[in-house]
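See structure below.
There are 2 protein chains.
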Amino acid sequence: MSGISQQGYHHGNLRRAVIDAALQAISESGPAGWSLRELARRAGVSHAAPAHHFGDKQGLLTAVAAEGFAMFADALERAADDVWEIGVAYVRFAIDHRPYFEVMFRPELYRGDDPGVRSGHERAAGVLIAGAAALAPRPADDRLTTVAAWSLVHGFTSLWLSGALPESADGDPEALARSMIRLVFGAIR
Amino acid sequence: MSGISQQGYHHGNLRRAVIDAALQAISESGPAGWSLRELARRAGVSHAAPAHHFGDKQGLLTAVAAEGFAMFADALERAADDVWEIGVAYVRFAIDHRPYFEVMFRPELYRGDDPGVRSGHERAAGVLIAGAAALAPRPADDRLTTVAAWSLVHGFTSLWLSGALPESADGDPEALARSMIRLVFGAIR
DNA sequence: ACCTTATCTTGACATTGACAAGATGGCGAA
DNA sequence: TTCGCCATCTTGTCAATGTCAAGATAAGGT
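Structural data, given as structure tokens:
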């Protein structure tokens, strides 16, 4: 019998528990403001238990990124039929699932060659590229429009999350993003 | 006499040497991929010497951010007379001074209430706001245009630096950014 | 010449990520 | 049912890190 656990030697679902603890910790203090040992404590297991499921810290963050990209791709696909809403879905996902997003776009934190990460990433990119193509004024501007649309929503998201926009304090990110997208891409085509 | 130093007990300009070592280290492995002790080693001083100048790690990153915002504001001000070029200057600064930029927009790393940080930040924000106002189609869209312009260039920069854009491999960021800005804001007004 | 004080060193401590070796018990095979 | 395999988890350990405290050094004014 362990000196820590309340539920016997085996946790039952430690992998999930550690990921959830990581998401919580990332919400509180960013993707680097916590330790593996702290997560183990929160999950009620010994300090080395998480290693068995994730290898090392980077492995855990890779699992978070993979899960995040899958959810992200789902969210974008759900909005894919209304071109204008793809960008809004992008922003909404980042704000509703902030800890995932904060890991996903910091590639030095995890292993980008992970199969789970790759598949979600490709799926999400597909929606964005197809959506931007529908916005392009001329087919020749396809690629440029994709870059512009992606930059616009990604930049808005980053600035909002980092608190750089004064509106972050009280405003509604989704509404602001929608207005912004209409202003820019309402004019472009 | 020390066992480490080649130049006597006093370094002479340790503060600068540590900041430079930090910038170098951030270039190589991100804003979190190094240790204070490693910087001390690179500068040829003992492990606790940097603390005297910066207090702690956050203090060092605060110094980096302050210096970065000052340089950033200078760069934007130099471009302020040509509205279209402000955004390009934003992108160019981030790419030419990547380690600064990577710290500046990660506020959890440093102390945002530092006077040096604040003054540079306000100066830079002034240029951006004034520039965007000149781009707005109607005065009522001032604020929205500012957010859009800032989001566009900031997003482009973040995506480029993180390697998310395929163009990051070989392309010319400045030229691509310029085309993108013209596409978007050439249409808007 | 002296001494104040900024600068740097030495030493120590708790914490961390990672590894190795051992303990536990779930679960299928016989 | 009984046995044994092996995924799961624990305990113990190590070097490295950030931070603090106390002492050593020398630069520069008086």
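Sequence lines, in order, name chains A and B.
When we follow our numbering, the leftmost residue of the first sequence carries the number 1, and every step to the right adds one.
When we follow our numbering, the leftmost residue of the second sequence carries the number 1, and every step to the right adds one.
Using N, Cα and C, we set each Cβ at its ideal position, and we do this for glycine too.
Taking Ile95 (chain B) as the centre and dropping the five residues before and after it, the same chain places the C-beta of Pro173 closer than 6 Å to its C-beta, in chain order. Along the stretch 104-135 of chain B, going in chain order, the ones with a CB nearer than 8 Å to a CB of chain A are Phe105, Arg106, Pro107, Glu108.
Here Asp81 (chain A) is exposed, its C-beta having fewer than 16 other C-beta atoms within 10 Å. In the three-state DSSP reduction, Gly171 (chain A) falls in the coil class, being neither helix nor strand. Remark: C-beta atoms of Phe105 (chain B) and Ser35 (chain A) do not approach each other more closely than 8 Å. Ranked by how close their Cα comes to the Cα of Arg42 (chain B), the residues B:Leu23, B:Asp56, B:Pro31 have B:Leu23 in first place. Less than 8 Å separates the beta-carbon of Glu108 (chain A) from that of Gly30 (chain B).
DSSP places Gly87 (chain B) in the helix class (H, G or I) of the three-state scheme. Counting the other Cβ atoms within 10 Å of the Cβ of Ser27 (chain B) gives fewer than 16, which makes it exposed.
When the beta-carbon positions are compared, Gly87 (chain B) and Ser158 (chain A) stay at least 8 Å from each other. Taking a Cβ-Cβ threshold of 9 Å, none of the residues of chain A is close to Gly68 (chain B); the smallest such distance is about 14 Å.
Close to chain A, meaning a Cβ-Cβ distance shorter than 7 Å, is no residue of the stretch 36-50 of chain B at all. In this structure the stretch 109-124 of chain B touches the stretch 54-62 of chain B; the number of beta carbon pairs closer than 8 Å is three or more. Excluding its 5 nearest sequence neighbours in each direction, Leu176 (chain A) has C-beta neighbours in its own chain below 7 Å: Glu167, listed in chain order. By the C-beta density criterion, His121 (chain B) is buried, having at least 16 other C-beta atoms within 10 angstroms.
In the three-state scheme derived from DSSP, where H, G and I count as helix and E and B as strand, Leu165 (chain B) is classed as coil. Judged by their CB atoms, Ala125 (chain B) and Phe72 (chain B) are not nearer to each other than the 8 Å cut-off. The alpha-carbon of Ala136 (chain A) is positioned some 5 Å away from that of Asp142 (chain A). Of the candidates A:Ala65, A:His11, A:Ala148, A:Asp56, A:Ala65 places its Cα closest to the Cα of Asp114 (chain A).
At least one CB atom of chain B sits nearer than 8 Å to the CB of Met180 (chain A).
In this chain, the alpha helix (DSSP H) harbouring Asp74 (chain A) covers 57-79.
Within chain A, no residue has its CB atom less than 8 Å from the CB of Trp84 (chain B), the nearest being about 15 Å off. Of all residues in the stretch 162-175 of chain A, those with a C-beta nearer than 8 Å to a C-beta of chain B are Ser162, Gly163, Ala164, Leu165, Glu167, reading in chain order. With a contact defined as Cβ atoms closer than 8 Å, Trp150 (chain B) and Leu128 (chain B) qualify at about 6 Å. When the Cα atoms are used, Leu144 (chain A) and Phe185 (chain A) turn out to be separated by approximately 13 Å. Between Ala32 (chain B) and Ala32 (chain A), the CB-CB gap stays under 8 Å. With respect to the C-alpha of Tyr100 (chain A), the residue from A:Leu183, A:Ala21, A:Leu14, A:Met180 having the closest C-alpha is A:Ala21. Judged by beta-carbon spacing, Val91 (chain A) lies beyond the 8 Å limit of Gly131 (chain A), meaning their Cβ atoms are not closer than that value. Only those residues of the stretch 139-158 of chain B whose C-beta falls short of 9 Å from the nearest C-beta of chain A are listed: Asp141, Arg143, Leu144, Thr145, Val147, Ala148, Trp150, Ser151, Leu152, Val153, His154, Gly155, Phe156, Thr157, Ser158. Closest by C-alpha distance to Ala187 (chain A), out of B:Gly171, B:Arg138, B:Asp170, is B:Arg138. Put simply, the CB of Gly12 (chain A) is far from chain B, with every gap to its CB atoms at 8 Å or more. According to the DSSP assignment, Ser35 (chain A) belongs to no alpha helix (DSSP H), since it is labelled neither H nor E. Residue burial is scored here from C-beta neighbours: Ala79 (chain A) has at least 16 other C-beta atoms within 10 angstroms and is therefore classed as buried. For Ala169 (chain A), the number of other beta carbons within 10 angstroms of its own is below 16, and it is reported as exposed.
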